[in-house]
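Encoded as structure tokens, the structure appears first; notes follow it.
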């Protein structure tokens, strides 16, 4: 019984509710804001897609990549070359385990 009264009071609280309506010129203001944001975005897109800007951007990216590749490739110095040669000589002088087995079956 108590629950029925509670439900009835909740349903009766909706009796005076009216449909919400926007204020005056609401739709016009929303359209104006949308047009402003579109014009800004369109202006940025127009600037970026100009051929001179696009080509310059691509050239800068290519130059940065070339610069990065050329700086990472290092030529060995004389000391490194002699160390590599001595390592090669040492590896030729040492016998591997399979070579020892071939000599002494």
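Residue numbers (the working numbering): 122 to 226.
The beta carbon of each residue, even a glycine, is placed where N, CA and C say it ideally should be.
Just so you know, these numbers come straight off a predicted model, no measurement behind them.
To the nearest angstrom, report how far apart residue i and residue j are at their CA atoms.
i           : j           : result
residue 124 : residue 162 : 57 Å
residue 157 : residue 165 : 13 Å
Which first and last residues belong to the alpha helix (DSSP H) in which residue i is found?
i           : result
residue 164 : 147-169
residue 135 : Taken as a continuous stretch (DSSP letters only), residue 135 belongs to no alpha helix (DSSP H), as it is neither H nor E.
By Cβ distance, which residues of its chain are closer than 8 Å to residue i, with the 5 residues on each side in sequence left out?
i           : result
residue 170 : none
Taking residue i as the reference, which of the options has the closest Cα?
i           : options          : result
residue 146 : 154, 139 and 140 : 154
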